[in-house]
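Participant: Below you will find the structure I want to go over with you.
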Amino acid sequence: IKKNDSPKPIFHTDEDRSYFVVELLLHPAFVKNKEPELRLELPLQGRILYVLRNREFSKSAIAEKVGHKTVSGELNK
Numbered sequence: 003i004k005k006n007d008s009p010k011p012i013f014h015t016d017e018d019r020s021y022f023v024v025e026l027l028l029h030p031a032f033v034k035n036k037e038p039e040l041r042l043e044l045p046l047q048g049r050i051l052y053v054l055r056n057r058e059f060s061k062s063a064i065a066e067k068v069g070h071k072t073v074s075g076e077l078n079k
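Start counting the sequence shown at 3; every next residue gets the next number (my numbering).
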C-alpha cells in the first residue's frame, strides 16, 4: 500500500475491540469513470437488468438499449 501510494486503510472496531474490519480503498488511478459497455451476448433478461441497475426506463428505451429496434413480444414478458 505504501509502495504504490494507495490510500491508507481504515480500521473499524468496537470499544471492547471484540472485532475489527479493515476497509481497503482503491488507488485513484484504478477508479474508472466510464460506464462498462453492455455485452450483447448476454441473454435478454441479463441485458435488461444491466440497463435497469441504476435507473428507470420506458419499454421502448429499454428495447433500444438492449439492441432491439422495437418492443418485441419477448421484451413484453
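Just so it is clear, CB atoms sit at the ideal spot from N, CA and C, and this is done for glycine as well.
Quantities reported herein were computed from a predicted structural model and do not represent experimental measurements.
Taking all protein chains shown into account, decide if Ala-65 is buried (16 or more other Cβ within 10 angstroms of its Cβ) or exposed.
Facilitator: Your numbering for residue 65 matches position 63 in the sequence shown. Using a 10 angstroms sphere on the CB of Ala-65, the tally of other CB atoms reaches 16 or more, which defines it as buried.
Participant: Which residue wins for smallest C-alpha separation from Lys-10, given the options His-29, Leu-54, Ile-50 and Gln-47?
Facilitator: Residue 10 sits at position 8 when you count from the first residue of the sequence shown. The candidate whose alpha carbon is nearest that of Lys-10 is His-29.
Participant: Taking 8 angstroms as the limit between beta carbons, can you name the residues of its chain near Phe-22, skipping five residues before and five after?
Facilitator: Sequence index remark: in the sequence shown, residue 22 carries index 20 (1-based). Counting only Cβ-Cβ distances below 8 angstroms, and skipping sequence neighbours, we find Phe-13, His-14 and Thr-15.
Participant: Please state whether DSSP places Glu-1 in a helix, a strand or coil.
Facilitator: Because the chain in this structure spans residues 3 to 79, residue 1 falls outside the shown range and cannot be described.
Participant: What would DSSP say about Phe-32, mapped onto helix, strand or coil?
Facilitator: Locating residue 32 in the sequence shown gives position 30, where the first residue counts as 1. Correct three-state label for Phe-32: helix.
Participant: Expressed to the nearest angstrom, what Euclidean distance is found between the alpha-carbon atoms of Leu-54 and Asp-18?
Facilitator: For this step, residue 54 is matched to residue 52 along the sequence shown. For this step, residue 18 is matched to residue 16 along the sequence shown. Looking at the two C-alpha atoms, the distance is approximately 43 angstroms.
Participant: How many Å lie between Lys-5 and Phe-32 at the Cα?
Facilitator: On the sequence shown, position 3 is the one that residue 5 refers to. On the sequence shown, position 30 is the one that residue 32 refers to. A straight-line Cα-Cα distance of about 15 angstroms links Lys-5 and Phe-32.
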